[in-house]
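Engineer:
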Amino acid sequence: MGRGTQRDEGELADELAQAIERGEFRLEYQPIVRLGSGALAGAEALVRWRHPRRGTIPPNEFLPVAQAAGLIAGIGNFVLEEACRIAVGWPKPADRASFVSINVVPAQLADAGWSSYVLGVVADTGLDPHNLVLEMTGGAGGEAEAIEHSLESLREAGVRFALDDFGHATTLHDVKLLPVDLVKLDREFVAGVDGPPNEAAFALSLLGLADARGIEVVAKGIESREQAWRLAELGCRYGQGYFFSKPLGASGILAVLRQGVLRS
Ligand code: C2E
Ligand code: MG
229 MGRGTQRDEG ELADELAQAI ERGEFRLEYQ PIVRLGSGAL AGAEALVRWR
279 HPRRGTIPPN EFLPVAQAAG LIAGIGNFVL EEACRIAVGW PKPADRASFV
329 SINVVPAQLA DAGWSSYVLG VVADTGLDPH NLVLEMTGGA GGEAEAIEHS
379 LESLREAGVR FALDDFGHAT TLHDVKLLPV DLVKLDREFV AGVDGPPNEA
429 AFALSLLGLA DARGIEVVAK GIESREQAWR LAELGCRYGQ GYFFSKPLGA
479 SGILAVLRQG VLRS
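Here the sequence shown stands for residues 229 to 492, numbered as in the numbering used here.
(1) Which residue marks the beginning of the alpha helix (DSSP H) containing T353, and which one marks its end?
(2) Do S329 and P319 have their beta-carbon atoms positioned less than 8 Å apart in this structure?
(3) Run the CB neighbour count on V346, radius 10 Å, all protein chains shown included, and call it buried at 16 or more, exposed below.
(4) Using CA coordinates, which residue listed in D414, A397, A429 and L379 is at the minimum distance from V408?
(5) Got a sec? Which residues, its chain only, sit under 6 Å from E303 by beta carbon, not counting five neighbours each side?
(6) Here's a check: name, in chain order, each residue in its chain whose Cβ is nearer than 7 Å to the Cβ of A245, leaving out the five neighbours to either side.
(7) Report yes or no: do three or more beta-carbon pairs, one from the stretch 421 to 438 and one from the stretch 370 to 386, lie closer than 8 Å?
(8) Is L432 close to chain D? Criterion is C-beta to C-beta, closer than 8 Å.
(9) Which residue marks the beginning of the alpha helix (DSSP H) containing S381, and which one marks its end?
(10) Would you tell me roughly how many angstroms separate the C-alpha atoms of E237 and I248, rounded to the nearest one?
(11) Among residues of its own chain, excluding the 5 on either side of L355, which ones have a beta-carbon nearer than 7 Å to its beta-carbon?
(12) Within this structure, are the beta carbons of G395 and F417 separated by less than 8 Å?
(13) Quickly, what does DSSP pair P258 with across the bridge? List them, please.
(14) For a quick check, are the C-beta atoms of A440 and L413 less than 8 Å apart?
(15) Cα separation between N331 and P425?
(16) Given a threshold of 16 other Cβ atoms within 10 Å of its Cβ, counted over all protein chains shown, does G270 qualify as buried or as exposed?
(17) Tell me whether the stretch 334 to 345 and the stretch 274 to 289 touch, counting them as touching only if at least three CB pairs, one residue from each stretch, are closer than 8 Å.
See below:
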């Protein structure tokens, strides 16, 4: 379909502007488990665009266009509202309430009114704020102060903050700069964890750093039992990836959460 041309992107941007009202976005949820036991901890919400002619378009293709066209806030609001609405119906066993993790961009967090909007959505849907995680990919740059300000009131209410792509787009600088509850270890380092020691050393040192700072780690893109096992052995608490499950629709994730455990 000749994706990537300027004309194509212009067309996509026009269509994106109407896609929210037309109800063309939907969310999938990828399970996040406790490594070692396989017990369900929560899920990450991932947006998809069901384009009427082009079929399903993945987020990496349309979000950069949305961002350039100034449309990210509308999509982000849909994601937050839909994810909270769905997650409030997830099972709540006494020992482990399931959290929903949503991806946000620095511009959302840097917007002065955004934190009270998020807390309003949480209150309206009835979701316990402790069961909401916001994931941001590093690179706060000049917006760090505004982001920190937003995070203050959100974290005070119990919302947790995760830095995504740790070791890749999220740098040590970001982790030092922002108040972080969780980091998501990039797939690039997860892939090396069961390899030769000089490859595994990267994951080991990033896990060591998180541990020293009292930050929990979610390993992303786990594709084999060996990786899951080795990460658990290295003290990584949470994981997600095709080894456990691909992203699922709302009824699929509910079934998995009710089941309570994925292969361990
Ligand atoms: P991410 O936050 O790093 O999400 C994980 C991506 O890795 C997802 O791709 C997921 O389907 C994929 N994945 C999960 N397990 C595996 C695995 O074992 N192997 C491999 N190769 N891939 C795996 P997806 O859904 O295409 O999302 C791509 C990116 O788009 C996300 O990366 C995130 O940065 C962004 N994104 C998705 N939804 C949203 C959203 O609602 N808002 C914003 N701002 N960004 C979003
Ligand atoms: Mg993410």
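Cβ atoms here follow ideal geometry from the backbone N, Cα and C, with glycine treated the same way.
Structural biologist: Per the coordinate set shown:
(1) Mapped onto the sequence shown, residue 353 falls at position 125. From DSSP, the alpha helix (DSSP H) with T353 extends over W342 to T353.
(2) The residue labelled residue 319 in the question sits at position 91 within the sequence shown. The residue labelled residue 329 in the question sits at position 101 within the sequence shown. Not in contact: P319 and S329 (Cβ atoms no closer than 8 Å).
(3) In the sequence shown, residue 346 corresponds to position 118, counting from 1. Under this definition V346 is a buried residue.
(4) As a working note, residue 408 is residue 180 in the sequence shown. The residue with the shortest Cα to Cα distance from V408 is L379.
(5) The residue given as residue 303 occupies position 75 in the sequence shown. A quick correction: the sequence has Ile, not Glu, at residue 303. Only A294 meet the Cβ criterion.
(6) Numbered from 1 along the sequence shown, position 17 holds the residue referred to as residue 245. Closer than 7 Å at Cβ, skipping near neighbours: L299.
(7) no
(8) This model lacks chain D altogether, as it is built from one protein chain only.
(9) Along the sequence shown, read from residue 1 onward, the residue named residue 381 stands at position 153. Taken as a continuous stretch (DSSP letters only), the alpha helix (DSSP H) holding S381 covers A372 to E384.
(10) Position 9 of the sequence shown, counted from the first residue, corresponds to residue 237. Position 20 of the sequence shown, counted from the first residue, corresponds to residue 248. Taking the straight line joining both Cα atoms gives about 17 Å.
(11) Against the sequence shown, residue 355 aligns to sequence position 127. Hits under 7 Å: C312, A315 and V316.
(12) By 1-based counting over the sequence shown, the position of residue 395 is 167. By 1-based counting over the sequence shown, the position of residue 417 is 189. In contact: G395 and F417 (Cβ atoms closer than 8 Å).
(13) Here the question's residue 258 lines up with position 30 in the sequence shown. It should be noted that the sequence gives Gln, not Pro, for residue 258. In DSSP, Q258 forms a bridge with E272.
(14) To locate residue 440, count along the sequence shown from 1; it is residue 212. To locate residue 413, count along the sequence shown from 1; it is residue 185. No, the Cβ-Cβ distance between A440 and L413 is not below 8 Å.
(15) Taking the first residue of the sequence shown as position 1, residue 331 is located at position 103. Taking the first residue of the sequence shown as position 1, residue 425 is located at position 197. C-alpha separation (whole angstroms): 32 Å.
(16) Residue mapping note: residue 270 aligns to position 42 of the sequence shown, counting from 1. Buried.
(17) no
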